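Student:
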Amino acid sequence: MNSPSTRNGKPLRLDKYLSSVTDYSRSDAKKLIKNGELSVDGDVITNPGALVSADASLELNGQNLRQVQHRYFMLHKPQGYVCATRDRRHPTVIDLLDEDNQDALHIAGRLDIDTTGLVLITDDGPWAHQVMSPKRQCFKRYRVGTGLPLDDSLVERFEKGVFLSESKRRTLPASLSILDPHEALLEICEGKFHQVKRMFGAVGNEVVALHREAVGALELDSDLAEGEYRALTAAEALLAVTGTVQNGS
Ligand code: URA
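Here the sequence shown stands for residues 0 to 248, numbered as in numbering that gives the first Met the number 0.
(1) Please report the distance separating the alpha-carbon of P172 from that of G160.
(2) Please state whether DSSP places S26 in a helix, a strand or coil.
(3) Helix, strand or coil: how does DSSP classify V161 here?
(4) With a threshold of 16 other CB atoms inside 10 Å of the CB of A213, please say whether the residue is buried or exposed.
(5) Can you name the residues that DSSP bridges to D179?
(6) Apply the 10 Å Cβ neighbour rule to V118 and answer buried if 16 or more other Cβ atoms are within range, or exposed otherwise.
(7) So if I measure from each beta-carbon to every heavy atom of the ligand URA and keep distances below 6 Å, which residues remain?
(8) Considering Cα atoms alone, identify which of I177, I106, V207, R135 is closest to Y23.
(9) Going by alpha carbons, who is nearest to A127 out of V206, D14, A236, R12?
(10) Considering only C-alpha positions, which residue in the set S52, L110, L223, H105 is nearest to G79?
(11) Of the choices E165, C82, E98, whose alpha-carbon is the least far from that of A276?
(12) Mapping DSSP to helix, strand and coil, what is V202?
(13) Are the region 203-217 and the region 54-63 in contact at 8 Å, needing three or more beta carbon pairs?
(14) Quick one, are the C-beta atoms of R25 and L50 less than 8 Å apart?
(15) Would you mind sorting V43 into buried or exposed? The rule is 16 or more other CB atoms within 10 Å of its CB.
(16) Which of the three DSSP states, helix, strand or coil, is assigned to H75?
(17) Would you call the CB atoms of L74 and R140 closer than 8 Å?
(18) Hey, out of E182, M198, S132, whose CA is closest to G146's CA?
(19) Distance, Cα to Cα, L217 vs K167?
(20) How would you call R211, buried or exposed, if buried means at least 16 neighbouring beta carbons within 10 angstroms?
(21) Quick one: using the 10 Å Cβ neighbour count with 16 as the cut-off for buried, is Q129 buried or exposed?
(22) To which residues of the same chain is L153 closer than 7 Å at the C-beta, ignoring the five residues directly before and after it?
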C-alpha cells in the first residue's frame, strides 16, 4: 500500500487513523496512544490529536499495522448487475472484474440491480465491515430521482427518522438536500434492505432513479464509465471509513 497523501490532502488525527485501521474504538485508540504504545514513522507519539499523513507507517507495540496487503477496488456499477458474488439469473458486479482470486472478494455495501454508482469491493473483511456498520457512521451519499415532487418538510422528517415497514425503530438521522422538485441528495449511514426506496415510500413518494455518489469521504471517480473499475490507494481506502460526505459537494 503506498500513497503519499489523502486525496483531499488533509492529514488525519492519530486516534481516528488508529481506530480506522484496527478494531479499536476511538477511546481505546486514545488510551493506547497516551500509553506510548504507538509509533509513527519510528517515533513514539503520545498525543492522540497529532496530525499524520495517510501514508505514515504506524506500529503498535512494534507491530506494523499495514503489513497485510489487501486489495480495494471502486467500481461504477451499471444497471442490470447484481451485487452478489454469484447469481443464476443476472450478471454480477464481480463479473466486471479481471482479478486473480476473485473468490476472496467481498462487496462492501450492496446496491439494488437497478441502482447505479459507487460499489466498493475488497478482500479486507474488517474494512468492509467498517464501511457497512451504522455504528461507524460511515455516510453514503445517493442522488435520488423521485416520482412525485419533493416537499421541504421532508428534510426534517428524514433528519428525525422515519418508520420503515416492520421496523419499530426510526431510521437513523439522514441528511436530505433538495436540488429540484424531483431530485435530491440523501446521506444515510445505515444499509437496510432497499433503505432509500423504503424511506421515500414511507413518506408517500417513489424513487425512480438511484445513484450512489460517495461512501464516507470517498467519491466515485468521474473518470470511470459505467462498468469500469480501478484499485484504490491506501489513502482512498481510508477515506471510505473516515469523514462524512458533504451534501452537494
Ligand atoms: N437503498 C436502496 O433502496 N437501494 C439501493 O440500491 C441502495 C440504497
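Positions of the beta carbon are idealized from the N, C-alpha and C atoms, including for glycine. Remember, it's a predicted structure, so these values are computed and weren't measured experimentally.
Tutor: So, from the data block:
(1) Here residue 172 refers to the residue found at position 173 when the sequence shown is read from its first residue. Here residue 160 refers to the residue found at position 161 when the sequence shown is read from its first residue. In a straight line, the C-alpha of P172 is about 5 Å away from that of G160.
(2) Locating residue 26 in the sequence shown gives position 27, counting from the first residue. Helix.
(3) Translated into positions along the sequence shown, residue 161 becomes position 162. In the structure shown, V161 sits in coil (DSSP, three-state: anything other than H, G, I, E or B).
(4) Here the question's residue 213 lines up with position 214 in the sequence shown. Under this definition A213 is a buried residue.
(5) Reading the sequence shown from its first residue, position 180 is the one you call residue 179. According to DSSP, which records beta bridges pairwise, D179 is partnered with E182.
(6) As a first step, residue 118 is located in the sequence shown; it is residue number 119 there, counting from the start. With a threshold of 16 other beta carbon atoms within 10 Å, V118 meets it and is buried.
(7) The set, ordered by position in the chain, is L110, D111, T114, H193, Q194, V195, K196, L209.
(8) Here residue 23 is taken as the residue at index 24 of the sequence shown, counted from 1. Relative to Y23, the option among I177, I106, V207, R135 whose CA is nearest is R135.
(9) Within the sequence shown, residue 127 is the residue found at index 128, counting from 1. When V206, D14, A236, R12 are compared, the shortest CA-CA separation from A127 is found for A236.
(10) Reading the sequence shown from its first residue, position 80 is the one you call residue 79. Comparing C-alpha distances from G79 to each of S52, L110, L223, H105 shows the shortest one belongs to L110.
(11) A query on residue 276 cannot be resolved here, the shown segment of the chain reaching from 0 to 248 and no further.
(12) Along the sequence shown, one-based indexing puts residue 202 at 203. V202: coil per DSSP, three-state reduction.
(13) Output reads no: the region 54-63 does not touch the region 203-217.
(14) Your numbering for residue 25 matches position 26 in the sequence shown. Your numbering for residue 50 matches position 51 in the sequence shown. No, they are not a contact pair.
(15) Counting from 1 along the sequence shown, the entry for residue 43 is found at position 44. By the neighbour-count rule (16 or more Cβ atoms within 10 Å), V43 is not buried but exposed.
(16) Within the sequence shown, the letter at position 76 stands for residue 75. Here H75 sits in strand by DSSP.
(17) As a position in the sequence shown, residue 74 is number 75, starting the count at 1. As a position in the sequence shown, residue 140 is number 141, starting the count at 1. Their beta carbons are not under 8 Å apart, which means L74 does not touch R140 by this criterion.
(18) Here residue 146 refers to the residue found at position 147 of the sequence shown. When only C-alpha atoms are compared, the closest one is E182.
(19) Here residue 217 is taken as the residue at index 218 of the sequence shown, counted from 1. Here residue 167 is taken as the residue at index 168 of the sequence shown, counted from 1. It is roughly 32 Å from the alpha-carbon of L217 to the alpha-carbon of K167.
(20) Position 212 of the sequence shown holds residue 211. R211 is buried by the Cβ-count criterion.
(21) Sequence index remark: in the sequence shown, residue 129 carries index 130 (1-based). The C-beta of Q129 has 16 or more other C-beta atoms within 10 Å across all chains shown, which makes the residue buried.
(22) The sequence position of residue 153 within the sequence shown is 154, counting from 1. The answer, listed in chain order, is L175, V202.
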